[in-house]
Amino acid sequence: MGDDWVYIWSARVLADTGHVVYAGWATAIVGWQLYLGAVFIKIFGFSFTAVRASIVLLSLISAALLHRIFLRLGLGDWNASIATLSVVLSSVFLPLATTFMSDVPGLFAVLVCLYCCLRAVPEQSPAATIAWLAAAALSNDVLGTARQICWLGALVLVPSAAWCVRRRRGVPVAAAALWLLSIAFVAGCMHWFSRQPYAVHEDFLLRYHRGQLEQAHVLTLTALLLVLPVLSAYLFKLRTSRGVVGYAAALAGAATGCGLLLLDPSGYNQAHALAVPFLGDLPLAVRLVLVGSAFACLFRFAAGLRSVLGDPDEPPAFLRGLPGALPARTLVLLFGPFTCAYMLLVVTRESLWPRYIVPVLPIFLFFLIWVYIGDAPRRRLPILSAVIAAVLACEAVANTHDVFARQAAYAAAANRVLAAGVPRSQLEGGFELDGWAQVQMTGYVNEPHILVPAGAYKPRNLSGPPGCHGWFLDWTPSIQPRFTLSDVPSSCYPPAPFPPQRYRTWCPPHDRAVFISAIPAAVAAGKPTPGAPPDEVPSNPADLSPPAIP
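Counting from 67, one number per residue, gives the positions in the sequence shown under the working numbering.
And the structure:
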């Protein structure tokens, strides 16, 4: 599932040998997450389900912790529950919670750090403040080893919290010591990681290019959908508004959203390819209403910021009277630097995926609810927010099911080919299956960013017509395919003597299939015979002679 095959491989090796070993694909250190997976392997034996169960458990803990954080921020039970469910039942988080990806452990690292900081700032005792800051920094140092970007908790979030309470005795000295300790720890981990065989390294702060801007646009639209349960409440906020500013902001937002959709209709569909697979099938008018309403609410939120930040040295209206209520300035100083630093590192990556938005999603939701409540401490999110959260949750469950159904169909199709006597090295089964097969055969993936050992990466000359192989084939030199699997019938190669592997999904179209195509022997051997007739493919897979593997 996604990239988790390479993490599961490392967890299995750790459970068997006691050593942390990388396999040349993931850029995350993974760290303590590998030990968590290894523990589950030791208890239940190895299986993909057993390893992924560790992340399911961590997701449940993260949900409870996130709800507690929203309560400490003064949102109240109803608002905190809607905000929590908007995150953990979203169409981005839920698939991650059922895989062994590093996103949930990374979110957990940020939540633990954030919770400790929220306990440190309102404390009156300097000793208690320092203790909570130390807990925030040290826990983030360790938990951040799952995903390097989450070290921003110790490097940015903890110093921001310390700055808010800098006048308390001993706090500046303790905060500086913790910050230096965190820098030394992070530098040591990165130095260790750089020396590990088959570890993959990514440049820091990549240069901007047009593709990044397009992906940032997609990321923005994804974030809007994820916060839609709370964002939709601003439709009611607009109805009760008596000023011209609110209406003007809503109209400007609606025009902006509709303009973006009309200028780049594919971007909205790409943004939610994971979230709403069938969104592209909706009529254009429905998509315009959806996007236009979301942007109208977003601009209405921006217009209301000034009113809630009128007196930054006083707590927000809904927090006044609560013990330990934080002033508006403190909340901005606490969340602002971390959010800006995180987004800067995200948007400068070569590829942006919707799941990257998850660690800062709780901060976005908090500010949305803060402005919505305004000067009415008892204002609750409308029933519409709960309805939208429930609809998106149902869609997320269906989409998670469909992702697993597709992978199960690919596995069944691969097993059907292998059962006919075809060696695994002659089957191109797609990203996940081929990645797992590659590490089983060689122990690592042919990744060009591998620095240790030198010369591990070997460029591969692919045979056959351009664009006929999957994008991952260069990373799997152990596979010299004679058969290939695809979601649609191949336009390059004739059908293989195997029927398609059919499966059903909950999201339309419901009837889907994995198609098996046969690669002619001449093409597999590297001879330029594009468009070979079907009769060059043996009708009996057992008649295929294995190609020479260099």
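By construction, the Cβ of each residue, glycine as well, lies at the ideal position given by its N, Cα and C atoms. Given the structure is predicted, the values throughout are model-derived calculations rather than measurements.
Given P238 as reference, the closest of V208, I196 and R213 once Cα atoms are compared: I196
Count the other C-beta atoms from every protein chain shown that fall within 10 angstroms of the C-beta of W258, then say buried if there are 16 or more, exposed otherwise. exposed
Taking C-alpha atoms, which residue in L400, P448 and P188 lies nearest to A149? P448
Through-space distance from W537 to V453, alpha-carbon basis: 40 Å
Locate the alpha helix (DSSP H) running through Q473, then write down its first and last residues. I449 to A485
As a quick exercise: from L218, R472, A193 and G509, pick the residue whose alpha carbon is nearest that of P575. Relative to the Cα of P575, the nearest Cα in the group L218, R472, A193 and G509 belongs to R472.
To which residues of the same chain is C501 closer than 6 Å at the C-beta, ignoring the five residues directly before and after it? For the sequence presented, residue 501 should be read as Gly rather than Cys. For G501, where only same-chain residues beyond five positions count, the Cβ hits under 6 Å are W71.
Inter-residue CB distance, V224 and T396 (contact presumed, cutoff 8 Å): The Cβ separation is near 14 Å, so there is no contact.
Identify, in the order they occur along the chain, each residue of the same chain with its Cβ nearer than 7 Å to the Cβ of S156, setting aside the five sequence neighbours on each side. Close CB contacts of S156 within its chain, under the 7 Å cut and outside five residues either way in sequence, are with L292, L458 and A462 (chain order).
Is A94 helix, strand or coil when you go by DSSP? Look at A94 here: in three-state DSSP terms it is coil, with no helix or strand label.
So, for T322: in the same chain, excluding its five sequence neighbours on each side, which residues have a beta-carbon less than 6 Å away from its beta-carbon? F361
Between F166 and Y73, which are expected to be in contact by the criterion C-beta below 8 Å, what is the C-beta distance as a whole number of angstroms? Right, the Cβ-Cβ distance comes to about 5 Å (below 8 Å), so this counts as a contact.
Residues that DSSP places opposite E494 in a beta bridge: T550
In the structure shown, what three-state DSSP assignment does R568 receive? strand
How should A144 be labelled, buried or exposed, when 16 other C-beta atoms within 10 angstroms of its C-beta is the threshold for buried? Before going on, a small fix: residue 144 reads as Trp here, not Ala. Flag for W144 reads exposed.
Range of the contiguous beta strand (DSSP E) that encloses V580: D577 to A584
Does the segment 481-499 come close enough to the segment 547-562 that 3 or more CB-CB pairs lie under 8 Å? yes
Taking 7 Å as the limit between beta carbons, can you name the residues of its chain near Q214, skipping five residues before and five after? A94 and I95
In whole angstroms, what is the alpha-carbon distance linking R234 and A228? For R234 and A228, the gap between their C-alpha atoms comes out near 9 Å.
Cβ of G140 within 9 Å of Cβ of E513? no
Decide yes or no for the touch test of the segment 174-186 against the segment 129-139: beta carbon pairs closer than 8 Å, at least 3 of them. yes
If you measure between the beta carbons of F404 and G219, is that distance less than 9 Å? It is a contact, given that the beta carbons lie within the stated cut-off.
Quick one, are the C-beta atoms of A456 and V580 less than 9 Å apart? no
Take the Cβ of E268 as the centre, count every other Cβ of all protein chains shown within 10 Å, and call the residue buried at 16 or more, exposed below. exposed
Nearest neighbour of A368, chosen from V412, A316 and T414 [CA to CA]: Nearest of V412, A316 and T414 to A368, Cα basis: A316.
Over what stretch of residues does the alpha helix (DSSP H) that includes R78 continue unbroken? D70 to T83
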